[in-house]
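Visitor:
Residue numbers (the working numbering): 180 to 634.
1. Determine the burial state of residue 353: buried for a count of at least 16 other Cβ atoms within 10 Å of its Cβ, exposed for fewer.
2. Rounded to a whole number of angstroms, what is the C-alpha to C-alpha distance between residue 251 and residue 432?
3. What number of angstroms, rounded off, separates the C-alpha of residue 484 from the C-alpha of residue 392?
4. Compute the Euclidean distance between the alpha carbons of residue 602 and residue 589, then round it to the nearest angstrom.
5. Rounded to the nearest angstrom, what separates residue 636 and residue 571 at their Cα positions?
6. In three-state terms, what does DSSP make of residue 320?
7. Comparing C-alpha positions only, which one of 471, 475 and 586 sits nearest to residue 517?
8. Three-state secondary structure (DSSP) at residue 563?
9. Among 184, 459 and 258, which residue has its Cα nearest to the Cα of residue 226?
10. For residue 478, which of 348, 188, 180 and 181 has the nearest alpha-carbon?
11. So, at 6 Å on beta carbons, what are the nonlocal neighbours of residue 347 in its own chain, with the 5 sequence-adjacent residues on each side left out?
12. With distances taken from CA atoms, which of 567, 507, 513 and 508 is nearest residue 523?
13. Compute the distance between the beta-carbons of residue 511 and residue 486, then report whether it is under 9 Å.
14. Just the C-alpha distance for residue 323 and residue 315, rounded to the nearest angstrom, thanks.
15. So, with DSSP's three-state summary, where would you put residue 335?
16. Does the Cβ-Cβ distance between residue 508 and residue 403 come in under 9 Å?
17. Please confirm whether residue 264 and residue 416 have their CB atoms less than 9 Å apart.
18. Quick one: residues in its chain with C-beta nearer than 7 Å to the C-beta of residue 407, no 5 flanking neighbours on either side, listed in chain order?
19. Looking at C-beta atoms only, is the number of pairs between the segment 372–386 and the segment 453–462 that lie closer than 8 Å three or more?
20. Give the DSSP bridge partners of residue 521, in chain order.
21. With a floor of 4 residues, list each alpha helix (DSSP H) that falls wholly inside the segment 446–492, ordered by position along the chain.
22. Given this structure, state the Cα-to-Cα distance separating residue 540 from residue 594, to the nearest angstrom.
23. Assuming the contact rule is C-beta atoms closer than 8 Å, residue 390 and residue 405 should be a hit. Round their C-beta distance to whole Å, please.
24. I want to know whether the segment 301–311 touches the segment 276–285 - three or more CB-CB distances under 8 Å.
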């Protein structure tokens, strides 16, 4: 193993990486903006380096600032976490040029999967079915409108370089298409590329992703799937593993597809291959399509850790140090569900709720219950960053027990000073549709509207 490790991120993921480093005897170094000088992730690390003012582009998104901090601290490895620079090929290159080990895939793999259109082309070459649509070779509004009509409305317009649910718009008709295209392009520009692609809109969609790992010696494994269908504004709030309705045969097929794609781009490290499934009727391989690959660790990785007994950050560190993966992954055991506790108000369309957290009481970790927190009482949650406060993860022998355990944990959350989604998510977990596994990517919005009507 190589250390020290600079953690180029903040919040709960930085705390989580620091914990694994400590267990492995590796020194960890946090970075912080002026807004985070007293943050929990700074206290969780062995040392810390200031990287700039609060705005992300002047701190957490500043490659020169991160590289300089690594140099000052004596770091030898850099873990990017997720978000920020985690899927930035230029950052991976900058780390290599500075003599730092980037804990992530090769620069070429990041580039190959960084654009949704290019990623789908690679998938097709690898024999992995991609969702029907148009890859946007001609970006003229007229051509895109023609292709949208060919695909058939409604269609999804997606930023080629987008992520995190941003740069996506649905167009329900030819008349609505120009305005939706303009809105998608405005958001896409924030990623430095206003190109878009078009995809068939799936009325009842499930979001299913497969966790893959690859080492530098040719071994590629998958660790099963996660269902991430409970989303608001195309951003995940609840994730679980195994996926409801995913049979062993279907799991094997999705794993085969994910491994084929990883091999096609010479992947090394942790990655997630994401699929969209048509949920009209039982899940079937012929109605599941590749949509993109995230070349990093995912927010929802703890559910995979709970059902496999693995520490995925440890696997990342060992792979980055040149170690080999085992010949086969462990079998999945039980069921795990994660809820993202966020500073937001579901009653006001999930509007963020920044401010000072005057009280934050989270349930104590226990057998079958894990808490990954990035904040504590007295911390300030600023509008500069993501509103994620903590992740609550439950594990049990059955899905029913895991859902009940997680709902009870959410009931025990006490937060003052800001609003959160804790109560809303507890009600979602107890809903008839969730208990039956009959949810899709539009369920949360409908559930929120129904609650508003009943209120």
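All C-beta atoms in this analysis are idealised placements derived from N, C-alpha and C, irrespective of residue type, glycine included.
Keep in mind that this is a model prediction, so the values were computed, not measured.
Guide: By the coordinates alone:
1. Counting C-beta atoms within 10 angstroms of its own C-beta, residue 353 has fewer than 16 neighbours from the protein chains shown and is therefore classed as exposed.
2. For residue 251 and residue 432, the distance between alpha carbons rounds to 47 Å.
3. Straight-line Cα distance between these residues: approximately 13 Å.
4. Approximately 7 Å between the Cα atoms of the pair.
5. With the chain running from 180 to 634 in the structure shown, residue 636 is simply not present.
6. Per DSSP, reduced to three states, the secondary structure at residue 320 is helical.
7. Answer by Cα proximity: 586.
8. In the three-state scheme derived from DSSP, where H, G and I count as helix and E and B as strand, residue 563 is classed as coil.
9. Residue 184 is the option with its Cα nearest to residue 226.
10. Among 348, 188, 180 and 181, the Cα nearest to that of residue 478 belongs to 188.
11. Taken in chain order, the residues that qualify are 337 and 413.
12. For the residues 567, 507, 513 and 508, the minimum Cα distance to residue 523 belongs to 567.
13. Taking 9 Å as the Cβ cut-off, residue 511 and residue 486 qualify as a contacting pair.
14. Using only the alpha carbons, I get a separation of about 7 Å.
15. If DSSP states are grouped into helix, strand and coil, residue 335 belongs with the strands.
16. Contact flag set, yes.
17. It is not a contact, given that the beta carbons lie outside the stated cut-off.
18. Here the set comprises 386, 388, 415, 418 and 479.
19. Judged by Cβ distances under 8 Å, the segment 372–386 makes contact with the segment 453–462, as three or more pairs qualify.
20. Paired residues: 567.
21. Whole alpha helix (DSSP H) segments, 4+ residues: 480–487.
22. Spanning the two alpha carbons is a distance of roughly 6 Å.
23. About 7 Å separates the beta carbons of residue 390 and residue 405, which is inside the 8 Å limit, making them a contact pair.
24. With a cut-off of 8 Å, the segment 276–285 and the segment 301–311 do not count as touching, because too few Cβ pairs lie within range.
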